[in-house]
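Residue numbering for the sequence shown is 1 to 126, as defined by the UniProt record's numbering. For every residue, glycine included, the Cβ atom is placed at its ideal position computed from N, Cα and C. Remember, it's a predicted structure, so these values are computed and weren't measured experimentally. What follows is a short report on a single structure.
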Amino acid sequence: MDTENRSKEITDALEGMVGEDADHVEKRRQEWYDWMREKGKSPLKHEPVAESNADNYYRRLDQLHRAAIEYLNPDDKASLTPDQADELLLLLARDELQKENGGDYSSASKRKFSDALRKYYQLEIP
């Protein structure tokens with residue numbers, strides 16, 4: 001299986017929100033993406049997450065990080081903490097965090113956001 005890592009970048013929107021910390025955020029996310037592509041599906045067995053799934057996790061985490069900054073207004077905009085993640089999941093469950101068009105996320109989408117956060121916190125990055 002080809003697990004060659006690709007360079008990933010945070011969105012321009014997130015880069016604008018985190019400002020001068022963008023390089024740090026991007027580096028941490030790249031480490032997470034590389035880990036997923038190397039062994040993130042089953043770390044003990046060194047089984048990688050499929051590229052399409054890793055890309056989806058990456059995109060969802062970027063969305064969630066932007067939502068945390070917008071809805072929670074943290075002092076440290078460069079980090080997405082477990083407490084912030086919990087709050088975002090509560091906002092999703094209550095339909096207080098919505099799509100750009102103002103609509104509610106489906107149950108499947110909410111689960112996928114939760115899965116992305118779970119995968120992110122599976123790897124501890126200093």
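Check	Outcome
Take the Cβ of L90 as the centre, count every other Cβ of all protein chains shown within 10 Å, and call the residue buried at 16 or more, exposed below.	exposed
Can you tell which of A116, A68 and Y105 has its C-alpha closest to the C-alpha of E87?	A68
For E47, write down the residues that DSSP places opposite it in a beta bridge.	S42
Does the distance from the C-beta atom of M36 to that of K119 stay below 8 angstroms?	yes
Does the stretch 68 to 82 touch the stretch 13 to 33, meaning 3 or more C-beta pairs lie closer than 8 angstroms?	yes
Around the C-beta of A54, are 16 or more other C-beta atoms found within 10 angstroms, so that it is buried, or is it exposed?	buried
Can you grab the Cα-Cα spacing for the pair N56 / K112, in whole Å?	9 angstroms
What is the rounded straight-line gap between the Cα of T11 and the Cα of Q30?	13 angstroms
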